[in-house]
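Reviewing the structure listed below.
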Ligand code: AHR
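Residue numbers (mature numbering (1 follows the signal peptide of the UniProt record, and there is no 0)): 1 to 620.
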């Protein structure tokens with residue numbers, strides 16, 4: 001095919017093309033990004049998931065019992081564990097299905113109540129061999145009737161053979177006043193990204209940092225909405241000291257500690273230079289309950305308070321609270337999404353008739369610079385409101401939707417806030433009943449995603465940005481596959497999916513402007529988008545080949561780019577359509593970059609194989 005790209009006449013794109021969507025699902029935060037190694041560290045339960053001793057084992061003949069003491073550690077953390085017995089007693093935790101032990105500094109802490117004159121022993125142990133991998137004595141500061149925090153560090157000398165390891169905490173019961181002590185909030189962190197206290201797991205942050213996402217949509221997803229109105233994600237219960245965070249039942253079958261709360265999300269944005277796209281609760285829960293119109297103002301005010309907490313000066317009530325929690329400088333919020341998928345579960349009528357308008361009017365009145373997004377495009381959007389569109393489907397349908405945004409209005413920008421090819425081609429499309437989703441993204445699905453992304457890039461003036469979803473999955477406990485990045489307790493096993501490689505290639509070659517093109521072909525099997533990076537002054541051609549019977553020869557010209565100009569051409573391929581990047585496995589995506597030179601009349605000639613994703617960028 002011959003493609004001629006014009007010099008001008010396209011549109012300026014938004015700067016946010018590719019981002020991340022995060023909500024607590026698949027243990028992506030708890031037992032994932034949030035670097036805490038101790039599972040069920042504070043016995044946080046809820047009516048949905050009552051407090052339990054999950055992940056905890058008594059050491060030797062010790063007895064463990066959950067207690068709701070009259071003076072608990074805090075009203076947010078009312079349940080603690082009593083450890084009793086004779087001689088050396090204690091408890092051990094097997095982490096989030098394993099604990100990674102290597103020669104690095106682990107920072108631990110625990111709260112204990114009761115008079116105790118001895119010392120505690122904190123150890124990392126191999127559950128396979130029983131060997132001690134690291135151990136330290138912690139002198140007791142414990143006194144009767146008070147909760148006292150103790151801190152310790154552990155520095156193993158060697159990397160453990162595997163992640164089948166535990167943290168154990170023991171003491172001499174004969175030196176405790178009544179032979180027992182109460183414990184709560186037992187925590188252990190490895191070194192975190194940027195060494196932030198209460199921070200994030202390094203390998204997963206590295207996988208994101210290498211991808212270079214431009215925005216973060218958080219904190220949901222269904223998890224924002226809650227199963228019930230009272231079960232919603234409450235921003236003000238996720239901030240401040242960990243002792244003040246009660247945790248909550250996620251909508252994904254487990255409890256979250258809220259250790260990764262609103263401030264941690266913002267620090268995550270700071271650390272990776274991502275634009276926050278803040279989702280606020282919109283008066284609707286997954287069970288179909290909607291806040292009545294007469295009662296909605298309180299929830300609108302709650303969202304305004306959340307925005308004041310994030311962006312207000314220290315002279316405001318909530319800005320002062322943020323400063324108290326260590327961030328005197330306000331953050332900037334430019335995008336707010338109202339709710340999540342309010343077109344589902346019977347939510348659309350109340351959303352369209354009063355819920356969205358209540359939030360939109362209040363936020364735009366107080367913060368006119370904020371782009372407010374509805375959580376759907378299935379409604380008439382008021383004023384300058386944008387919308388969020390989600391797509392989960394089979395590869396063929398992603399390809400069919402290549403042109404979806406070509407005729408979309410430029411009055412209401414769209415966020416593609418969740419997309420993923422989830423199920424294999426079946427001639428029909430996604431089946432939400434069997435939900436026969438692949439465990440990992442696979443190559444033909446990633447190529448199909450590339451085709452859809454090209455459709456979005458062609459319209460990148462109207463499309464704010466795109467994110468895969470869900471983004472992370474802990475292979476030891478998950479509810480939804482496939483995901484962009486999969487992992488287990490061993491950072492060396494983390495898998496950057498085939499889709500990660502596609503997004504990485506597109507993201508690293510950002511177009512500041514689209515350019516119009518004419519050609520002698522029709523879309524399929526070749527799909528492409530063309531534009532310019534005005535910062536580096538290079539022309540960009542992005543393409544994907546889906547279901548071709550032969551290589552596709554391309555001759556490409558950019559108006560104003562002459563003979564002899566060189567360009568880098570990167571082509572991604574994989575061994576076959578079903579190749580996947582698996583946890584603990586090797587990367588199957590093959591990336592080859594060659595230099596091509598414009599010949600007579602400035603023509604770049606090359607060919608693209610079937611099931612390939614490619615980017616050509618001219619050198620200035
Ligand atoms: O990404 C998983 C779920 O898919 C999200 O929570 C929800 O918004 C969508 O239905």
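The beta-carbon is built from N, C-alpha and C at its ideal position, and this holds for glycine as well.
Remember, it's a predicted structure, so these values are computed and weren't measured experimentally.
Counting only runs that start and end inside the region 131-198, the beta strand (DSSP E) elements of at least 3 residues fall at 132-139, 147-154, 165-172 and 180-189. Boundaries of the alpha helix (DSSP H) harbouring residue 308: 296-311, taken from the DSSP string. In the three-state DSSP reduction, residue 323 falls in the helix class (H, G or I).
Nearest to residue 40 by C-alpha distance, out of 76, 187 and 444, is 187. In the three-state scheme derived from DSSP, where H, G and I count as helix and E and B as strand, residue 206 is classed as helix.
When C-alpha distances from residue 165 are compared across 248, 401, 147 and 490, the shortest belongs to 490.
Residue 553 carries a strand assignment under DSSP once its states are collapsed to helix, strand and coil. The beta-bridge partner set that DSSP reports for residue 98 consists of 95. In terms of CA proximity to residue 396, 427 leads the group 410, 427 and 413. Under a 10 Å Cβ-count criterion, residue 358 is classified as buried, with 16 or more other Cβ atoms of the shown protein chains found around its own Cβ.
Proximity of the beta carbon of residue 377 to the ligand AHR is not indicated: no heavy atom of the ligand is located closer than 7 Å. Counting C-beta pairs with one atom in each stretch, the region 110-121 and the region 130-143 have three or more that are closer than 8 Å, which means they touch.
Distance from the C-beta of residue 241 to the nearest heavy atom of the ligand AHR is not below 7 Å. The count of Cβ pairs closer than 8 Å, one atom from the region 227-243 and one from the region 279-291, reaches three, so the stretches are in contact. In this model, residue 74 and residue 241 are separated by some 11 Å (Cα to Cα). Excluding sequence positions up to five before and after residue 238, its CB lies within less than 7 Å of the CB of 245, 258, 261 and 262, all in the same chain and listed in chain order.
Within the DSSP secondary-structure output, residue 20 pairs in a beta bridge with 216. Three or more beta-carbon pairs separated by less than 8 Å link the region 343-359 to the region 293-302, which places the two stretches in contact. In terms of Cβ geometry, residue 278 and residue 184 do not form a close pair [threshold 8 Å]. By the C-beta density criterion, residue 93 is buried, having at least 16 other C-beta atoms within 10 angstroms.
Uninterrupted beta strand (DSSP E) stretches at least 3 residues long and entirely within the region 359-393 occur at 371-374 and 387-393, given in chain order. Using a Cβ distance threshold of 8 Å, residue 539 and residue 618 count as a contacting pair. Separation of the CB atoms of residue 168 and residue 123 is rounded to 5 Å, and the pair is thereby assigned contact status at 8 Å. Between the beta-carbon of residue 508 and that of residue 563 there is about 27 Å, and that puts the pair past the 8 Å contact cut. Per DSSP, residue 56 is one residue of the beta strand (DSSP E) stretching across 56-58. In the three-state DSSP reduction, residue 444 falls in the helix class (H, G or I). Residue 249 sits in a strand when the DSSP states are folded into three classes. Annotation for residue 501: the continuous alpha helix (DSSP H) segment containing it runs 498-508. For the 8 Å CB-CB criterion, residue 267 and residue 45 do not form a contact.
Looking only at 596, 154, 592 and 451, the smallest Cα-Cα distance to residue 525 is reached by 451. Residue 589 carries a coil assignment under DSSP once its states are collapsed to helix, strand and coil.
Residue 223: member of the alpha helix (DSSP H) spanning 222-225, first to last residue. Taken in chain order, the whole beta strand (DSSP E) runs of length 3 or more contained in the region 7-87 are 56-58, 63-67 and 80-84. In summary, residue 63 is exposed, with fewer than 16 beta-carbon neighbours lying within 10 Å of its beta-carbon over all protein chains present.
For residue 519, the enclosing beta strand (DSSP E) has its first and last residue at 517-519. If you draw a straight line from the Cα of residue 370 to the Cα of residue 385, it is about 10 Å long.
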